[in-house]
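Trainee:
Protein chains: 2
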Amino acid sequence: MENKRLEDQIKFIVEIDRLKRIFRQNVVIGTIEQENDAEHSWHMAVMAILLSEYASEEINILRVLKMILIHDLVEIHAGDTFCYDEKGNVDKFVREQKSANQLFSLLPSDQAEEIMDLWHEFEAMETPESKFAASLDRLQPLLLNYNTNGHTWKKPGVTSEKVLKRNSVLENPVPQLWDLAKEIIEDSINKGYLKKE
Amino acid sequence: MENKRLEDQIKFIVEIDRLKRIFRQNVVIGTIEQENDAEHSWHMAVMAILLSEYASEEINILRVLKMILIHDLVEIHAGDTFCYDEKGNVDKFVREQKSANQLFSLLPSDQAEEIMDLWHEFEAMETPESKFAASLDRLQPLLLNYNTNGHTWKKPGVTSEKVLKRNSVLENPVPQLWDLAKEIIEDSINKGYLKKE
């Protein structure tokens with residue numbers, strides 16, 4: 026290939042195919058297959074399109090979608106860290122930053138910078154867009170767990186208090202979705218999907 | 026839930042989880058696992074972000090992303106039709122339209138209409154956005170096949186002529202990517218991934 030820029034872009038595109046092999050804690054509804062990060066990112070992106078009307082602040086939906094589509098790429102080298110694994114979360118950011126440097130540097134520098142900036146914005150949760158994206162990053166697995174009899178919530182160390190705290194990210198960015206999340210958590214306790222604590 | 030609109034949106038979001046179980050002909054690189062439509066849609070969406078500079082006409086990238094993210098939802102009821110299966114492709118649109126009616130009607134009517142319009146636009150391949158999206162719908166599996174020793178191309182009835190014809194969709198919307206596709210096909214013939222015909 027004569028075009029070095031396109032060559033680099035294609036190398037990156039082929040490399041990120043690996044996101045389809047990074048498995049998460051929850052399972053796909055109606056199966057015993059663990060969901061992977063590519064599926065999760067796609068699902069969140071469709072949710073963003075359909076639920077943007079619930080954002081309490083004005084959001085740029087294009088930036089939200091870009092952020093969502095790339096937010097888990099760093100797990101290609103760093104792996105998925107279970108959100109209720111306190112030990113794993115101690116060095117999570119360091120591992121992921123290293124992974125980001127390695128992965129994004131495959132791209133032409135302008136695009137590497139854009140993707141890195143989007144990822145940092147997502148992680149910092151300071152802008153309306155990243156708060157909205159982070160909310161969907163909580164709500165998506167909540168919906169999956171609710172529809173798989175609380176699959177992930179059966180793992181050691183998970184309690185309703187922790188699930189509620191993790192989902193409280195939704196409170197200000199998407200108040201109506203926060204009410205929904207609380208309803209789901211309450212109902213999950215009643216149904217025995219989630220241990221009350 | 027008191028909010029009927031949100032309830033419908035959530036039902037739809039849970040229903041489309043099934044896209045993760047609609048399997049395609051190609052495999053994920055480095056595995057023997059068939060790729061599914063959710064993974065494929067995610068991969069195409071990231072490609073759209075990175076390769077938009079090659080579009081020969083101005084495109085609205087937000088509309089491209091929306092179109093890509095929903096373009097295969099109709100396969101939830103209609104199933105994946107192998108692009109080189111001439112018989113299966115005869116009634117493909119009818120089956121998919123029926124599936125679209127059934128699936129999209131779960132949504133509030135304004136959103137059902139938006140998604141239906143996007144899907145029709147994608148299928149018609151008449152706008153710059155849908156031509157660009159359709160091009161990526163060809164290029165993504167081409168890249169996967171090239172990186173899995175021509176996995177899908179070993180199936181009965183597949184020849185280099187058919188693969189070239191299918192990818193010729195790229196010619197006008199993304200000329201540089203069309204050159205790349207031709208290079209990949211040529212190299213695949215040389216490497217024995219694809220039968221010359």
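Here the protein sequences line up with chains X and U, keeping their order.
Start counting the first sequence at 26; every next residue gets the next number (my numbering).
Start counting the second sequence at 26; every next residue gets the next number (my numbering).
Where a beta carbon is used, it is the ideal one built from N, C-alpha and C, also for glycine.
Here the structure is a predicted model, which is why all the values come from computation and not from measurement.
Please work out which residues of its chain come closer than 7 Å, Cβ to Cβ, to valine 188 of chain X, disregarding the five sequence neighbours upstream and downstream, and give them in chain order.
Mentor: Closer than 7 Å at the Cβ level, and outside the excluded window around valine 188 of chain X, lie Trp178, Ile210, Leu219.
Trainee: Give the DSSP-derived three-state secondary structure of asparagine 126 of chain U in the structure shown.
Mentor: Three-state DSSP puts asparagine 126 of chain U in a helix.
Trainee: Output needed for arginine 163 of chain X: all residues of its chain with C-beta closer than 7 Å, excluding positions within five of it in sequence on either side, in chain order.
Mentor: These residues qualify, in order along the chain: Arg191, Asn192, Val194, Leu195.
Trainee: Quick one: using the 10 Å Cβ neighbour count with 16 as the cut-off for buried, is histidine 68 of chain X buried or exposed?
Mentor: Histidine 68 of chain X comes out buried.
Trainee: Does any C-beta atom of chain X lie closer than 8 Å to the C-beta of serine 66 of chain U?
Mentor: Chain X contact via Cβ: present.
Trainee: Contact criterion: CB-CB distance below 8 Å. Does glutamate 60 of chain U meet it with respect to chain X?
Mentor: Yes, because at least one Cβ of chain X sits closer than 8 Å to the Cβ of glutamate 60 of chain U.
Trainee: Please classify alanine 149 of chain X as buried or exposed, where buried requires at least 16 neighbouring CB atoms within 10 angstroms.
Mentor: By the 10 Å Cβ count, alanine 149 of chain X comes out exposed.
Trainee: Which first and last residues belong to the beta strand (DSSP E) in which valine 115 of chain X is found?
Mentor: Run containing valine 115 of chain X: none; DSSP gives neither H nor E here.
Trainee: Excluding the five sequence neighbours on either side, which residues of its own chain have a C-beta within less than 7 Å of the C-beta of aspartate 33 of chain X, listed in chain order?
Mentor: These residues qualify, in order along the chain: Leu131, Leu132, Pro133.
Trainee: Provide the residue(s) that pair with glutamine 59 of chain X in DSSP beta bridges, ordered along the chain.
Mentor: In the DSSP output, where bridge partners are listed per residue, glutamine 59 of chain X has X/Val52.
Trainee: Using the Cα positions of arginine 30 of chain U and lysine 36 of chain U, report the straight-line distance between them to the nearest angstrom.
Mentor: Roughly 10 Å between the two C-alpha positions.
Trainee: What residue range does the alpha helix (DSSP H) around phenylalanine 37 of chain U cover?
Mentor: Residues 29 to 40.
Trainee: Do the stretch 38 to 54 of chain X and the stretch 98 to 115 of chain X make contact, defined as three or more Cβ pairs closer than 8 Å?
Mentor: The answer is yes - the stretch 98 to 115 of chain X touches the stretch 38 to 54 of chain X, with three or more Cβ pairs under 8 Å.
Trainee: Which residues bound the alpha helix (DSSP H) around threonine 92 of chain U?
Mentor: A small fix is needed here, since residue 92 of chain U is methionine in this sequence, not threonine. 86 to 95 is the span of the alpha helix (DSSP H), which, as asked, contains methionine 92 of chain U.
Trainee: Please name the residues in the stretch 168 to 200 of chain U whose beta-carbon is closer than 9 Å to at least one beta-carbon of chain X, in chain order.
Mentor: Listed by position along the chain: Leu168, Leu169, Tyr171, Asn172.
Trainee: By Cβ distance below 7 Å, which residues in the same chain neighbour valine 199 of chain X in space, the five residues on each side in sequence not counted?
Mentor: The answer, listed in chain order, is Tyr79, Ala80, Ser81, Phe157, Ser160.
Trainee: Thinking just about the alpha-carbon of each residue, which of U/Gly55, U/Gln165, U/His145, U/Ile57 is nearest to the one in tryptophan 203 of chain U?
Mentor: Among U/Gly55, U/Gln165, U/His145, U/Ile57, the Cα nearest to that of tryptophan 203 of chain U belongs to U/Gln165.
Trainee: Along chain U, in chain order, which residues have C-beta atoms closer than 9 Å to that of arginine 120 of chain X?
Mentor: Those within 9 Å of arginine 120 of chain X in chain U number zero; the least Cβ separation is about 22 Å.
Trainee: Taking 8 Å as the CB-CB limit, is glycine 46 of chain X close to chain U?
Mentor: The question names glycine, but residue 46 of chain X in the sequence shown is arginine. Output row for arginine 46 of chain X: interface = yes.
Trainee: Should aspartate 212 of chain X be labelled buried (16 or more other beta-carbon atoms within 10 Å of its own) or exposed?
Mentor: Per the 10 Å Cβ criterion, exposed.
Trainee: Would you report the Cα separation of isoleucine 93 of chain X and leucine 143 of chain X, rounded to the nearest angstrom?
Mentor: Isoleucine 93 of chain X and leucine 143 of chain X: Cα-Cα distance of roughly 9 Å.
Trainee: Kindly say whether aspartate 42 of chain X, judged by its beta-carbon, lies nearer than 8 Å to any beta-carbon of chain U.
Mentor: Cβ-Cβ to chain U under 8 Å: yes for aspartate 42 of chain X.
Trainee: Where glutamate 222 of chain X and glycine 182 of chain X are concerned, what is the direct C-alpha to C-alpha distance, given to the nearest angstrom?
Mentor: Their Cα atoms are separated by approximately 11 Å.
Trainee: Can you name, in chain order, every residue of its own chain whose Cβ lies under 8 Å from the Cβ of lysine 180 of chain X, other than the five neighbours on each side?
Mentor: Answer for lysine 180 of chain X: Gln50, Phe107, Tyr109, listed in chain order.
Trainee: Apply the 10 Å Cβ neighbour rule to phenylalanine 118 of chain U and answer buried if 16 or more other Cβ atoms are within range, or exposed otherwise.
Mentor: Per the 10 Å Cβ criterion, exposed.
Trainee: Would you mind giving the Cβ-Cβ distance between leucine 98 of chain U and isoleucine 86 of chain X, rounded to the nearest angstrom? I have them listed as a contact below 8 Å.
Mentor: Not really, about 19 Å apart at Cβ, beyond 8 Å.
Trainee: Using only the alpha-carbon positions, how far apart do phenylalanine 48 of chain U and isoleucine 214 of chain X sit?
Mentor: The straight-line gap from Cα to Cα measures roughly 34 Å.
Trainee: Excluding the five sequence neighbours on either side, which residues of its own chain have a C-beta within less than 6 Å of the C-beta of histidine 96 of chain U, listed in chain order?
Mentor: Counting only Cβ-Cβ distances below 6 Å, and skipping sequence neighbours, we find Phe147.
Trainee: Considering only the beta carbon of each residue, do alanine 63 of chain X and leucine 90 of chain X sit closer than 8 Å?
Mentor: No.
Trainee: At what residues does the alpha helix (DSSP H) containing methionine 141 of chain X begin and finish?
Mentor: First-last of the alpha helix (DSSP H) with methionine 141 of chain X: 134 to 149.
Trainee: Tell me the rounded alpha-carbon separation between glutamate 138 of chain X and lysine 123 of chain X.
Mentor: Cα-Cα distance, rounded: 15 Å.
Trainee: Taking C-beta to C-beta, are asparagine 172 of chain U and isoleucine 54 of chain U nearer than 8 Å?
Mentor: Cβ distance < 8 Å, so asparagine 172 of chain U and isoleucine 54 of chain U count as in contact.
Trainee: Would you mind telling me which residues of chain U sit closer than 7 Å to lysine 91 of chain X, beta carbon to beta carbon, in chain order?
Mentor: Per Cβ cutoff of 7 Å: Ile74.
Trainee: According to DSSP, simplified to helix, strand and coil, what is glutamate 186 of chain U?
Mentor: Reduced to three states, the DSSP call for glutamate 186 of chain U is helix.
Trainee: For asparagine 114 of chain U, which residues in the same chain have their Cβ closer than 8 Å to its Cβ, ignoring the five residues on either side in sequence?
Mentor: The residues are Thr106, Cys108.
Trainee: Could you tell me the alpha carbon to alpha carbon distance between threonine 184 of chain X and isoleucine 74 of chain X, rounded to whole angstroms?
Mentor: Straight-line Cα distance between these residues: approximately 31 Å.
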